[in-house]
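J.: Pasting a structure here, questions to come.
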Amino acid sequence: MINIYEPSIDKYKESAINAIKEGWISNHGKLVELANEKLKSFINSKHSILMSNGTCATHCLFLALKFKYPNINKIYVPNNCYIAAWNAVLMEYNIKQIELMKMDINTWNIATDEEYIKTLNENAAVLIVHNLGNVINVPRLKRIRPDLIFVEDNCEGMFGKYEDMFSGMSESSLCSSCSFYGNKIITTGEGGAFFTQDKSVYNYMKSVYSQGMSETKYLHNVYAYNYRMTNIEAGFLYDQLNDVENILENKYKIFQTYDNLLEGLVKLGKIKLIKKEENTKHSPWIYALRILDNTKTIEETSEFFKSNNIDIRPFFYPINAHEHLKMVENDDETSYVLNKEIIMIPSSPNITYEEQKLVVDVIYKFI
133 MINIYEPSID KYKESAINAI KEGWISNHGK LVELANEKLK SFINSKHSIL
183 MSNGTCATHC LFLALKFKYP NINKIYVPNN CYIAAWNAVL MEYNIKQIEL
233 MKMDINTWNI ATDEEYIKTL NENAAVLIVH NLGNVINVPR LKRIRPDLIF
283 VEDNCEGMFG KYEDMFSGMS ESSLCSSCSF YGNKIITTGE GGAFFTQDKS
333 VYNYMKSVYS QGMSETKYLH NVYAYNYRMT NIEAGFLYDQ LNDVENILEN
383 KYKIFQTYDN LLEGLVKLGK IKLIKKEENT KHSPWIYALR ILDNTKTIEE
433 TSEFFKSNNI DIRPFFYPIN AHEHLKMVEN DDETSYVLNK EIIMIPSSPN
483 ITYEEQKLVV DVIYKFI
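For the sequence shown, my numbering assigns the number 133 to the initial residue and increments by one for each residue that follows.
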């Protein structure tokens, strides 16, 4: 079986092992600060906080939003996206305050045309999700609607770029989150990070992520959480950040290989690849394609690939498909088409050319 994703950490264990040997296994230890500083420097962020996972970091987007803009009364959220994004919003806002955004059939993200963005309500925030690493040009949206507050779920878009900046790092956004889950470009098993260019937001979140502890031991200033990354996880992160340019180069080569192998099907009009927005660079997280007019169900498609020893994933479901969100009205037909026709294919950093060729051969066989 060629799995959808396998982490590659054999070369990046030394610091984590040393942390265990030395007994620095909790959030205390030099690696947390070392990894945070290296991450912040590489992506050019003013402030960052390492966290226990990407979902926690995404929850912190909305804690920061309520802190900085307590009068915001509407949150615009994408339709087809990983459920953690919606659940994070729901931890802080009522379902009646959330409005579904329509999807773009070509970018597989929210619609970002100027006409649509201009119709969004005032006194609102927009959750940007860079689906499958396809980056949305947030600075452009901010120029169209400077009154809107943007926060970025960058868990899939980490290391992508807009307007020559890493996604999530623009002052056009209040803050952003990322994930270091086991299937991400850089992984700590779990793990994530929160970023902001706003000093007051950083100071507030620095307290909130660590149980609201004041300068006086066991006196707490705010209602808070324990969202801290361990020193062991930071060790994995630190070692990978020391080699991040090579890691990214390898992943981009894998994507280019798929582009080349699938070119024939694109020319035949059998599949479509994701369309990138102008002035953006895709994050090489996971490769996906859209099988045009696929008559098979998601289950039938997955079973075919499984029978050929290829592990795939469907695209994210329309949000009203989830049991706890069935009440959300969704009349966007594009959301159903994308879910039915898009598949994610094996994208591990260690995948070989021969394995990629086999994956593409099975795609030809399916079509």
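We put the CB at the ideal spot given by N, CA and C, even for glycine.
Using the beta-carbon count (16 or more within 10 Å), is ASP142 buried or exposed?
T.: ASP142 should be labelled exposed.
J.: From this set, GLU247, VAL354 and TYR468, which residue's C-alpha is nearest GLY344's C-alpha?
T.: It is VAL354 whose Cα lies nearest to the Cα of GLY344.
J.: Use the C-beta contact count for MET503: other C-beta atoms within 10 angstroms, 16 or more gives buried, fewer gives exposed.
T.: With the chain running from 133 to 499 in the structure shown, residue 503 is simply not present.
J.: Going by beta-carbon coordinates alone, are GLN157 and THR362 separated by less than 8 Å?
T.: Per the sequence shown, residue 157 should be read as Ile rather than Gln. Result yes, Cβ atoms of ILE157 and THR362 sit closer than 8 Å.
J.: At the level of alpha carbons, what is the spacing between ILE444 and ILE430?
T.: Computed Cα separation, rounded: 11 Å.
J.: Cα-Cα, which of PRO202, CYS310, ASN253 and ASP236 is closest to ALA217?
T.: For the residues PRO202, CYS310, ASN253 and ASP236, the minimum Cα distance to ALA217 belongs to CYS310.
J.: Taking 7 Å as the limit between beta carbons, can you name the residues of its chain near VAL491, skipping five residues before and five after?
T.: Here the set comprises ILE134, ILE442, ILE477 and PRO478.
J.: Name the DSSP beta bridge partners of MET297, please?
T.: The partner list for MET297 (beta bridge, DSSP) reads TYR294.
J.: Between which two residues does the beta strand (DSSP E) harbouring PHE327 extend?
T.: Looking at the DSSP string, the run of the beta strand (DSSP E) that includes PHE327 is 324–328.
J.: Got a sec, what are the start and stop residues for the alpha helix (DSSP H) MET337 sits in?
T.: Note, MET337: alpha helix (DSSP H), 331–340.
J.: By DSSP, does HIS191 sit in helix, in strand, or in coil?
T.: HIS191: helix per DSSP, three-state reduction.
J.: Determine the contact status of LYS408 and ARG422, defining contact as a CB-CB distance below 8 Å.
T.: Cβ distance not < 8 Å, so LYS408 and ARG422 don't count as in contact.
J.: Taking the continuous beta strand (DSSP E) assigned at LEU182, which residues delimit it?
T.: Note, LEU182: beta strand (DSSP E), 179–183.
J.: Cβ atoms of LEU306 and SER206: under 8 Å apart, would you say?
T.: The sequence shown places Lys at residue 206, not Ser. Not closer than 8 Å, so no.
J.: Give every residue of the same chain whose Cβ lies closer than 7 Å to the Cβ of LYS472, excluding the five residues on either side of it in the sequence, and list them in chain order.
T.: Same-chain partners within the cutoff: ASN426 and ILE430.
J.: Tell me the residue span of the alpha helix (DSSP H) that contains ARG217.
T.: For the record, residue 217 in the displayed sequence is Ala; it is not Arg. First-last of the alpha helix (DSSP H) with ALA217: 215–222.
J.: If you draw a straight line from the C-alpha of ILE414 to the C-alpha of GLU322, how long is it?
T.: First, the amino acid is wrong: residue 414 is His here, not Ile. Approximately 23 Å between the Cα atoms of the pair.
J.: Pop quiz: SER308 and VAL283 are said to be a contact at Cβ under 8 Å. What is the actual Cβ separation, rounded to whole angstroms?
T.: So it is a contact: roughly 7 Å between Cβ atoms.
J.: Tell me where the beta strand (DSSP E) around LEU232 begins and ends.
T.: LEU232 -> beta strand (DSSP E) spans 230–232.
J.: Could you tell me which residues DSSP pairs with GLU284 in its beta bridges?
T.: Answer by DSSP bridge pairing, in chain order: ILE260 and SER308.
J.: Does the distance from the C-beta atom of MET183 to that of ALA325 stay below 8 Å?
T.: Contact flag set, yes.
J.: Return helix, strand or coil for TYR208, following the three-state DSSP convention.
T.: Here TYR208 sits in strand by DSSP.
J.: Three-state secondary structure (DSSP) at PRO271?
T.: Helix at PRO271.
J.: State the DSSP-derived secondary structure class of LYS383, mapped to helix, strand or coil.
T.: Reduced to three states, the DSSP call for LYS383 is helix.
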